[in-house]
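A.B. asks:
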Amino acid sequence: MAPVAPRSGDAIFASVEHVNAELFTLTYGAIVRQLLTDLEEVEEVNKQLDQMGYNIGVRLIDEFLAKSNVSRCVDFKETADVIAKIGFKMFLGVGASVTNWDADGTCCSIVLEDNPLVDFVELPDTCQGLYYCNILSGVVRGALEMVSMKTEVTWVRDMLRGDDAFELQVKLLKQVPEEYPYKDDE
Amino acid sequence: MATTACFIIVSRNDIPIYETDAGSATKREDASQMHQFILHAALDIVQDLAWTTSAMYLKAIDRFNDMVVSVYVTAGHTRFMLLHDSRNDDGIKSFFQEVHELYIKILLNPLYLPGSRITSSHFDTKVRALARKYL
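Just so you know, the protein sequences line up as chains V and P, in that order.
Here the first sequence is numbered in the UniProt record's numbering, starting from 1 and rising by one per residue.
Here the second sequence is numbered in the UniProt record's numbering, starting from 1 and rising by one per residue.
1. Considering only C-alpha positions, which residue in the set P:G115, P:S120, P:K93 and P:I118 is nearest to K133 of chain P?
2. From V98 of chain V to M146 of chain V, what distance separates their C-alpha atoms?
3. When the Cα of V82 of chain V is compared with those of V:S148, V:D164, V:E178 and V:S8, which residue comes out closest?
4. Candidates V:T37, V:E122, V:G93 and V:D104: which alpha carbon is nearest D114 of chain V's?
5. Return the CA-CA distance between L58 of chain P and H100 of chain P, expressed in angstroms with no decimal places.
6. Where does S109 of chain V sit, in a helix, a strand or coil, going by DSSP?
7. Work out the CA separation of D48 of chain P and E40 of chain V for me, nearest whole Å.
8. Check this for me: beta carbons of L43 of chain P and V10 of chain P, under 8 Å apart or not?
9. If contacts are defined as beta-carbon pairs under 8 Å, then A143 of chain V and I61 of chain V qualify, I think. What distance do you get, rounded to the angstrom?
10. Kindly indicate if chain P contains any beta-carbon less than 8 Å away from that of A30 of chain V.
11. Comparing alpha-carbon positions, which option in V:M52, V:T27, V:L65 and V:A21 lies nearest A5 of chain V?
12. If you compare alpha carbons, which of P:C6, P:N88 and P:L107 is closest to F123 of chain P?
13. Pairing CB atoms from the segment 102 to 113 of chain V with CB atoms from the segment 16 to 27 of chain V, are three or more of them under 8 Å?
14. Taking P181 of chain V as the query, report the chain P residues whose CB atoms sit under 7 Å from its CB, ordered along the chain.
15. When the distance is taken between beta carbons, is I38 of chain P closer than 8 Å to V69 of chain P?
16. L108 of chain P versus chain V: which residues are under 9 Å apart at the beta carbon?
17. Here's the rule: buried if 16 or more other CB atoms are within 10 angstroms of the residue's CB, otherwise exposed. What is G57 of chain V?
18. Hey, is P116 of chain V's beta-carbon within less than 8 Å of any beta-carbon in chain P?
19. Do you know how far the Cα of V121 of chain V is from the Cα of D38 of chain V?
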């Protein structure tokens with residue numbers, strides 16, 4: 001069977017079911033709000049959001065691969081491009097660009113043009129250390145881990161903290177070789 | 001030139017959550033206490049009036065010497081109260097409507113607890129700008 005051509009992020013986004021943007025934004029807001037109340041410490045909330053994102057990511061990657069028809073990426077550069085151009089477009093409906101590559105191609109930045117999660121949000125003085133969108137970094141980390149890439153994902157720029165864009169730094173720590181779980185003669 | 005004295009937002013639990021002296025310079029030293037006093041006194045009238053009309057803008061509901069209290073009540077029973085001595089009804093109405101928009105944005109912020117103080121500096125700047133524009 002001939003490999004199917006990968007579909008563009010726009011096309012997939014148009015074909016999946018949508019949920020009202022405000023409902024989505026406010027639901028996420030309610031989650032963060034509740035975490036802040038329950039955990040009290042902003043640092044803990046960051047961790048928890050990241051963990052929640054990770055759990056989403058490890059599941060989301062399957063849906064992503066099923067719907068997007070992308071094949072194996074040759075290098076990390078291509079992976080980052082696919083995340084930015086197809087992944088973000090498909091699930092969030094926003095485009096993203098990849099910049100700031102380091103010399104050996106293991107660390108780059110994904111810059112979000114728009115972020116539906118933060119509509120209406122303004123950080124009060126009491127939660128200055130909060131990474132409001134930390135769930136996104138978790139999603140990327142979780143998804144990449146399932147395709148055998150250990151990464152570290154951190155926020156470099158955050159509009160809620162007064163920066164001019166949302167920038168997610170993705171750093172490839174190591175590539176875990178895929179192992180066939182059984183011996184040939186078993 | 002007419003002057004505006006003071007603008008406050010009172011939550012549904014009768015707690016003031018935002019205050020600004022939107023207009024020109026105050027004349028008397030105790031003016032701010034005086035303004036608060038007048039606005040507090042007007043709250044009772046608002047309570048009675050709010051249920052007699054379906055309009056949110058209640059127009060001028062009370063006066064004290066040469067100053068007038070205009071009030072706008074949102075659906076959630078948050079009251080915007082403006083103390084002024086101008087007769088610029090249209091401007092005040094537009095002012096209230098635009099502040100209402102801003103207030104809704106504040107309310108939609110998941111990190112803002114309804115009924116707590118509005119500390120956003122962004123909101124403050126916008127309200128002051130609106131006051132300069134309309135009042």
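Every residue gets a Cβ at the ideal spot worked out from N, C-alpha and C, and that includes glycine.
Predicted model only: the values in this text are computed from it and were never measured.
C.D. replies: Considering the structure as presented:
1. By 1-based counting over the second sequence, the position of residue 133 of chain P is 133. For K133 of chain P, the nearest C-alpha among the options comes from P:K93.
2. Residue numbering aside, residue 98 of chain V sits at position 98 when the first sequence is read from its first letter. Residue numbering aside, residue 146 of chain V sits at position 146 when the first sequence is read from its first letter. Approximately 21 Å, taken between the alpha carbons.
3. The sequence position of residue 82 of chain V within the first sequence is 82, counting from 1. Scanning V:S148, V:D164, V:E178 and V:S8 for the CA closest to the CA of V82 of chain V turns up V:S8.
4. As a position in the first sequence, residue 114 of chain V is number 114, starting the count at 1. Among V:T37, V:E122, V:G93 and V:D104, the Cα nearest to that of D114 of chain V is on V:G93.
5. The residue you call residue 58 of chain P lines up with position 58 of the second sequence. The residue you call residue 100 of chain P lines up with position 100 of the second sequence. The straight-line gap from Cα to Cα measures roughly 14 Å.
6. The count along the first sequence starts at 1 and reaches residue 109 of chain V at position 109. In the three-state reduction of the DSSP assignment, S109 of chain V falls in the strand class, which pools E and B.
7. Start at 1 with the first residue of the first sequence, and residue 40 of chain V comes out as number 40. Start at 1 with the first residue of the second sequence, and residue 48 of chain P comes out as number 48. Counting only the Cα atoms, D48 of chain P lies some 41 Å from E40 of chain V.
8. Within the second sequence, residue 43 of chain P is the residue found at index 43, counting from 1. Within the second sequence, residue 10 of chain P is the residue found at index 10, counting from 1. For L43 of chain P and V10 of chain P, yes; Cβs fall inside 8 Å.
9. Within the first sequence, the letter at position 143 stands for residue 143 of chain V. Within the first sequence, the letter at position 61 stands for residue 61 of chain V. Contact between A143 of chain V and I61 of chain V holds: CB atoms are separated by about 4 Å, below the 8 Å threshold.
10. Stepping through the first sequence from its first residue, residue 30 of chain V is reached at position 30. It does: the Cβ of A30 of chain V has a partner Cβ on chain P nearer than 8 Å.
11. By one-based count along the first sequence, residue 5 of chain V stands at place 5. For A5 of chain V, the nearest C-alpha among the options comes from V:L65.
12. In the second sequence, counting from the first residue as 1, residue 123 of chain P sits at position 123. Selected option, being the one with the closest Cα: P:L107.
13. Segments in contact, no.
14. The residue labelled residue 181 of chain V in the question sits at position 181 within the first sequence. Within 7 Å Cβ-Cβ: nothing; P181 of chain V doesn't reach chain P, min ~44 Å.
15. The residue you call residue 69 of chain P lines up with position 69 of the second sequence. The residue you call residue 38 of chain P lines up with position 38 of the second sequence. The Cβ atoms of V69 of chain P and I38 of chain P sit closer than 8 Å to each other.
16. As a working note, residue 108 of chain P is residue 108 in the second sequence. L108 of chain P reaches chain V at E22, T25, L26, G29, D119, F120 and V121, counting residues in chain order whose Cβ is nearer than 9 Å.
17. By one-based count along the first sequence, residue 57 of chain V stands at place 57. With 16 or more other Cβ atoms within 10 Å, it is buried.
18. Along the first sequence, one-based indexing puts residue 116 of chain V at 116. No - not a single Cβ of chain P is within 8 Å of the one on P116 of chain V.
19. Taking the first sequence and counting its residues from 1, the one referred to as residue 38 of chain V is at position 38. Taking the first sequence and counting its residues from 1, the one referred to as residue 121 of chain V is at position 121. Taking the straight line from one Cα to the other gives about 19 Å.
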